[in-house]
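Novice:
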Amino acid sequence: MIPGTFAYHRPASVAEAVALLASLGEDARPLAGGHSLIPMMKLRLAAPSALVDLGAIAELRGVRREGADVVIGATTTTAGLIASAELAAALPILRETALVIADPQVRARGTIGGNVANGDPGNDLPALMQCLGAFYRVVGPAGSREIAARDFYQGAYFTALQAGEVVTAIRIPVPPVGHGWAYEKLKRKIGDYATAAAAVVLVLAGGRVASVAIGLTNVGDTPLVADAAAKILTGSTLDAATVDRAVAAAEAITAPASDGRGPAAYRTKMAGVMLRRALARAATRATH
Amino acid sequence: MNEMTPPTAAERTEKLQGMGCRRKRVEDVRFTQGRGNYVDDLKLPGMLYGDFVRSSYAHARIKSIDTSKAKAVPGVVAVLTAADLAPLKLHWMPTLAGDVQMVLADGKVLFQNQEIAFVVANDRYVAADAAELVEVEYEELAPLVDAFRAMDADAPVLREDLAGKTTGAHGARKHHNHIFEWAVGDREATDLAFRNAEVSIKELISYQRVHPAPLETCQCVASFDKIKGELTLWGTFQAPHVVRTVAAILSGIPEHKIHVIAPDIGGGFGTKVGVYPGYVCSVVASIVTGKPVKWVEDRIENLSATSFARDYHMTTEIAATKAGKVTGLRVHVLADHGAFDACADPSKWPAGFFNIVTGSYDFPTAHCVVDGVYTNKAPGGVAYRCSFRVTEAAYCIERGMDILAQKLGMDPAELRLKNFIRREQFPYQSALGWEYDSGDYATAMRQALEKTGYAALRAEQRTQQDAFKRGETRELMGIGVAFFTEIVGAGPSKNCDILGIAMFDSCEIRIHPTGAAITRMGTKSQGQGHETTYAQIIATEIGIPADDIMVEEGNTDTAPYGLGTYGSRSTPVAGAAIATAARKIKAKAQMIAAYLLEVHHDDVEFDIDRFRVKGLPEKFKTMKEIAWAAYNAVPPGLEPGLEAVSYYDPPNMTYPFGAYICVMDIDADTGVAKTRKFYALDDCGTRINPLIIEGQVHGGLTEAFGIAMGQEITYDEIGNVKGASFMDYFLPTAVETPHWETDFTVTPSPHHPIGAKGVGESPNVGGVPAFSNAVNDAFAFLGNTHIQMPHDAWRVWTAAQKLGA
Amino acid sequence: MAKTHVTMTVNGQTVEGLVESRTLLVHFLRETLSLTGTHIGCETSHCGACTVDLDGQSVKSCTMFAVQAEGANLLTIEGIAHPDGTLHALQEGFREMHGLQCGFCTPGMIVRAYRLLQENPNPTEAEIRMGISGNICRCTGYQNIVAAIQFAAARLNAPALQEQAA
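Protein chains in written order, with the numbering used here: chain Z, 1058 to 1345; chain P, 4 to 808; chain B, 19 to 184.
1) Taking only runs of the alpha helix (DSSP H) that begin and end inside the segment 561 to 601 of chain P, which ones reach a length of at least 4 residues, in chain order?
2) Using a Cβ distance threshold of 8 Å, determine whether the segment 369 to 376 of chain P contacts the segment 124 to 135 of chain P, with at least three qualifying pairs required.
3) Straight-line CA distance for Z/Y1065 to P/D348?
4) Is the beta carbon of P/C687 sitting closer than 7 Å to the one on P/F774?
5) CA-CA distance, Z/Q1219 and Z/G1197?
6) Need the endpoints of the alpha helix (DSSP H) that Z/G1119 sits in, please.
7) Please confirm if Z/K1244 has its CB atom under 7 Å from at least one CB of chain B.
8) What does DSSP give as the partner residue(s) for B/N91 in the beta ladder?
9) At 3 residues or longer, and completely inside the segment 413 to 483 of chain P: list those beta strand (DSSP E) runs for me, N to C.
10) By the three-class DSSP mapping on this structure, what secondary structure does Z/A1211 have?
11) Could you tell me if P/H370 is buried or exposed, where buried requires 16 or more neighbouring beta carbons within 10 angstroms of its beta carbon?
12) Starting from Z/L1332, trace the alpha helix (DSSP H) in both directions and tell me its first and last residue.
13) Once the 5 residues before and after P/H178 are set aside, which same chain residues still bring their CB inside 7 Å of it?
14) Skipping 5 residues on each side, what residues in its chain have a beta carbon closer than 6 Å to that of P/A802?
15) Mind checking if P/G101 is an interface residue toward chain B, Cβ cutoff 7 Å exclusive?
16) For P/W237, does the three-state DSSP call read helix, strand or coil?
17) Taking P/G327 and P/M404 to be in contact with their CB atoms under 8 Å, please state how far apart those CB atoms are, rounded to whole angstroms.
18) Tell me which same chain residues have a C-beta within less than 7 Å of the C-beta of P/A579, skipping the five on either side of it?
19) Should P/P639 be labelled buried (16 or more other beta-carbon atoms within 10 Å of its own) or exposed?
20) Check whether the segment 761 to 771 of chain P touches the segment 485 to 492 of chain P, counting contact only when three or more Cβ pairs, one atom from each stretch, lie closer than 8 Å.
21) Considering only their Cβ atoms, is the gap separating P/D500 from P/S285 smaller than 7 Å?
22) Are the beta-carbon atoms of P/A85 and P/D109 separated by less than 7 Å?
23) Which same chain residues, not among the five before or five after P/A597, have their C-beta less than 7 Å away from its C-beta?
24) Whose C-alpha, out of P/M506, P/D443 and P/L332, is nearest the C-alpha of P/V187?
25) Checking 7 Å against the spacing of the C-beta atoms, do B/C157 and P/G37 come in under that value?
26) Suppose you measure from the CA of Z/L1243 to the CA of Z/E1308; what does that come to, to the nearest Å?
27) One question on the structure: do Z/I1247 and P/V738 come within less than 7 Å of each other, judged by their Cβ atoms?
28) Could you tell me how far apart the beta carbons of Z/T1134 and Z/G1167 are, in whole angstroms, since I believe they sit closer than 8 Å?
29) Going by CA-CA distance only, name the one from Z/A1239, Z/A1328, Z/V1075 and Z/V1224 that's closest to Z/G1020.
30) Give a yes or no on whether 7 Å exceeds the smallest Cβ distance from Z/F1063 to chain B.
31) Would you mind stating whether Z/R1194 and Z/A1226 have Cβ atoms separated by less than 7 Å?
32) Is the beta carbon of P/A434 closer than 7 Å to that of P/F507?
33) Any C-beta of chain P sitting closer than 7 Å to the C-beta of B/H64?
34) If you run the structure through DSSP and keep just helix, strand and coil, what is P/Q104?
35) Are any of the Cβ atoms in chain B nearer than 7 Å to that of P/E219?
36) So the candidates are P/E258, P/V80 and P/L107; which of them puts its Cα closest to the Cα of P/L93?
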């Protein structure tokens, strides 16, 4: 219940935050919403020596358009994602996904940056970001860079972030108008991580799949991109036989943990069911 | 209507807010304003905080405990281990079940998260830091986690302290991990019934280990005054007087110098009955340090170490005729008690009242054997609205009857109607030794079937099943029927005691000169609304408005001795004491009234809120006037004042019953079950406050839903406890929780002064079988006989796959 | 470790205290400010008993450090009633509809419902249930809590009628 001690810092700018993290060393952690980190600290599973609170850095919050992309500041809260009219119009799948993350109080504090950056396989946004072909803008002691979400996750809690680097924004190419989308999440109750979840974004043309991207949540120690399944579906009419083959291909890349949500074999099958349902819903939303 | 018009009888009754009214709760005024008074709200000058160091292993010898680093942390005042408690003989303590349990690990640990050391510091943050610095050296021992292997010849020895003891508190022990064998009924007649049975079923029906998880965990503040030699102990105690007596016996401090106070309690559900190591260590720490010591357990500690509920494996057999008349019931239970037998049962009942397992049915013969065993798990077992193992018994018989119905090709409701104890048979002597007080089961069942449109539901189900077989739908419909009879109100002194103290309960009422009153009982509400409902009983009995009656519980200095609140006993036992005490006051009031009215006491009669002269209703004295007169104008020969106390030894238990029907829609592709409808008809006899009864039913059904559909505390093969945090332990939110439809019939208890039976636990007792029967019923047409609980999605899906769904 | 000075507004009053960086906001409220209405029911941020209103949002005060609330504007159960002491419609509704039993989840539930109704004055039953899905109750089965919130919503949405009746 009680965390260990740490030094607390609340910088006013990204530069200050990065400088602080560099000087405080590898046991310092950035703090955004804190709803992954603080519970771990209370169980003493994480014991950072210092916390750098990003909450006072105004430039890290907000949703804006940059040409063909939407750029979301890393400390934008999940509630902020849901409330954004810009996102509701351009990226409705993001709002749908945000609504099934945790509960109202956690959504008020949890951030998009926190959800994508710590490499927790249970988080919902990473697979979605991969499905959307998003990029993470990162600032560190060596400067700024962009990392594709597809290249970001290396293992459970292992990411491409180097020491002292902080995710500052997420850049998402906006899908074409009329795209189909769905995030289908199976969970035991509100607030639970996914037993299995599937994100689907597709474009239909003439009744056929012109393009489709699939992300799978919490059925591996990283988010999974079901490229083989997507390839099978591309060009098809989403007929039953093709969907069956795609679902089999998606199931084949899963390696879920066995836990209270079910044994691995069940969770793999549920990934398949979620994909099936996400495809069906995405198809109804797409304009042909 | 104006001020001059006298109020009508209806208006006077309404003003009393007595029995039967949906009286708003008195407690709510403070709770809705954040002015509750819970244990952790207490702050005393100089107060210290205690925190436990707990075992990493399920079974291990303790080679050493190094507390030096912890003691060196600034702010740490003491670190207690078994070695510190041993000179006081407090390193072990007796349990309510006739066993002993370690307060702090003595040489070995027997379950993961067992208490090893108690750190005491001036700040709870410091205590937490210091607890991390206690170094324990373990030598791991082979753990025993599978109750079915507990009595194997090569099973590990758990209780070395019982070496060589071939008898325990409940008779002979068959094995070093065996606790007791409890047998009841007629073995020969039952075996004969099975030999002659035309049809019989046999099934292993398991009720998984769960935990009630009240929102407030267990906690206490112990404050020993060295100068006066007095101990004050505030705590989450459902039975504060029992705690006081136990504290006196354990500590040697005389009982009149121990003040136990249970303030507001944030839910109990049976977990707050027993005495836990945290309480004992806090008391010792207070004595040793001379300061008050507070202990507040966190949630993981609560779920993994502080009691548990159920863990019964029930091999169930029912014999019947081809026509569906039951002829015998035979049950063997393997009861997993964990490392110590700390079951909070009345002392002569090692398996509680499990012998209610004949349920609502007229079994001519039955036999039941319960074998309790030790395992490397937390101790406890009796909690979670179980009425002393009645939840287990009801699940056993209600699942059994459904399995029998399936084998006979009969509708489950029809089978029940065919075998119900009939109204004329009450009081009914069950084959396992209980005398059921009253019941009208057929009426309740028929009302339930009619109100839910049962016949139409079955027709819809048949259509759905055909569509499923044709591949047109992947949804299955399940209809769960449960008709429970439960046994509450422990209990008559002839067979019920807690550590030798009979299970009566008590009430004291004192009327003030201005007609208001104060009353105290030996029970202790943890949310049941006693401050509201008890006043309603008195209001109707004596004719003083409930709003003018102050109800107090929980302070052992002022409340008369009682055995506390659990097992739905408050209404049956304390409720009876309240009525009895009230009637003593009413009898004296009658004499005072007659004296004031200058007539013989037989010539006055009670009328709602007054006594009036028979035949001359305009000549009356109100209770307010009588109260005043009690303090200045009593009849000669009577003492002044108007008060009474009653200690009520119930002549029998009470037997509430109910008919529950659950409709579920199950997604065969995911195993997810959605409750479409849940109808609960309860008969708890006389209904004191329908608003509160409905609330109890909603709450108990929600617990039942959680249990049936996903709750479990499990252990892996080396004894690591799983699911012991709110991340995994299935507590439904408002989104998952179904809508509840409540209904009722009223069959008063003939032996209870106001005919009331109690209702708090019924919804958990009846709810779990209703949910489980619904899930099982959904797959019956595919050949399913029994799917074990909990019915979480992956298990339902796995069962569906096996059945070819 | 050296303590930090924090200041914030709680229930309309400026308050301050000395805390460690790690002091949880809920402990600052309960222990330093003696506002014991906000409760603790778990340590994994699931139960919601610790819910307070911070800068216009419902947050779990057990999952924040007091230092993070520097300069913030907080509302706890102790500040829900009107300044003249009359009860908020939610407090009336919870009593009217029997929306509580042991009372332990009630402060967090009422403070959450307060913000829910600010954001959505006329919620459907489904929206109410979703809205309080971050608050666990073990006693009531939620049904009467939903009724209590509906009662309050109706009361809050009809002030004109109330004035007429007065």
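Don't be surprised by glycine CBs; every beta carbon is placed ideally from N, CA and C. Since this is a predicted model, take the numbers as computed values, not measurements.
Specialist: Taking the definition as stated:
1) Whole alpha helix (DSSP H) segments, 4+ residues: 578 to 600.
2) No, the segment 369 to 376 of chain P is not in contact with the segment 124 to 135 of chain P.
3) Cα to Cα, Z/Y1065 sits roughly 51 Å from P/D348.
4) 7 Å or more divides the Cβ of P/C687 from the Cβ of P/F774.
5) Rounded to the nearest angstrom, the two C-alpha atoms are 8 Å apart.
6) That residue, Z/G1119, is in no alpha helix (DSSP H); it is neither H nor E in DSSP.
7) Not an interface residue.
8) Residue pairing of B/N91 in beta bridges, as defined by DSSP: B/T27.
9) For the segment 413 to 483 of chain P, not a single whole beta strand (DSSP E) run of length 3 or above is found.
10) Before going further, note that residue 1211 of chain Z is Gln rather than Ala in the sequence given. In the structure shown, Z/Q1211 sits in a strand (DSSP, three-state: E or B).
11) Residue burial annotation: P/H370 is buried, with at least 16 other C-beta atoms found within 10 angstroms of its C-beta.
12) Run containing Z/L1332: A1321 to R1342, per the alpha helix (DSSP H) assignment.
13) Listed in chain order, the non-local C-beta contacts of P/H178 below 7 Å within the same chain comprise M154, local neighbours out to five positions each way being set aside.
14) Result list for P/A802: I790, in chain order.
15) Output row for P/G101: interface = no.
16) Correct three-state label for P/W237: strand.
17) Contact flag wrong, Cβ pair sits at about 10 Å.
18) Counting only Cβ-Cβ distances below 7 Å, and skipping sequence neighbours, we find Y651, P653, H755 and P756.
19) By the neighbour-count rule (16 or more Cβ atoms within 10 Å), P/P639 is not buried but exposed.
20) The segment 761 to 771 of chain P vs the segment 485 to 492 of chain P: in contact.
21) No. Outside cutoff.
22) A contact, by the Cβ cut-off of 7 Å.
23) H603, H604, D606 and V607, listed in sequence order.
24) Relative to the Cα of P/V187, the nearest Cα in the group P/M506, P/D443 and P/L332 belongs to P/L332.
25) Contact check for B/C157 against P/G37 fails: the beta carbons are separated by 7 Å or more.
26) Their backbone Cα atoms lie some 15 Å apart in a straight line.
27) In contact: Z/I1247 and P/V738 (Cβ atoms closer than 7 Å).
28) Right, their Cβ atoms sit about 6 Å apart.
29) Missing from the structure shown is residue 1020 of chain Z; chain Z here goes from 1058 to 1345 and no further.
30) Yes, contact with chain B.
31) Yes, the Cβ-Cβ distance between Z/R1194 and Z/A1226 is below 7 Å.
32) In this structure, P/F507 sits away from P/A434, with a CB-CB distance that is not shorter than 7 Å.
33) Chain P contact via Cβ: present.
34) The DSSP-derived three-state label of P/Q104 is strand.
35) Yes, because at least one Cβ of chain B sits closer than 7 Å to the Cβ of P/E219.
36) If we check each option's Cα against that of P/L93, P/L107 comes out closest.
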